[in-house]
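Participant: The letter at position 33 of the sequence shown is residue 32 when you use numbering that gives the first Met the number 0, and the numbering goes up by one with no holes. Cβ atoms here follow ideal geometry from the backbone N, Cα and C, with glycine treated the same way. The structure's right below; bear with me while I get my questions together.
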Amino acid sequence: MGKVFIMTADKAPKKILIFDVLGTQVMQTTLLREELNVSELDAGVYVLRVYEKNKIATRKLIIK
């Protein structure tokens, strides 16, 4: 448990930022594969931001 899979059209490295609901950054990493380990995060709602090449995607992440 504690894994999130991030699939994109490009297979380039992705910069991942995760923020809590107050906007505080709680994680930053560079992802070379599709699997992100989020087991260190407490249960709650987060904002997941993915940077890949010149694209940015933002999604809600819920950890139970």
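1. What did DSSP end up calling ASN36 once you bin it into helix, strand or coil?
2. What does the alpha-carbon distance come out to for the pair ILE5 and GLU34?
3. Do you know how far the Cα of VAL25 is from the Cα of ALA11?
4. Could you give the first and the last residue of the continuous beta strand (DSSP E) run that contains GLY43?
5. By Cβ distance below 6 Å, which residues in the same chain neighbour VAL20 in space, the five residues on each side in sequence not counted?
Facilitator: Let me spell this out:
1. Three-state DSSP puts ASN36 in a strand.
2. Each residue's alpha carbon lies about 6 Å from the other.
3. Looking at the two C-alpha atoms, the distance is approximately 23 Å.
4. Annotation: the continuous beta strand (DSSP E) that includes GLY43 extends over 43-51.
5. Spatial neighbours of VAL20 in its own chain (CB-CB distance under 6 Å, excluding positions within 5 residues in sequence) are listed in chain order as VAL44.
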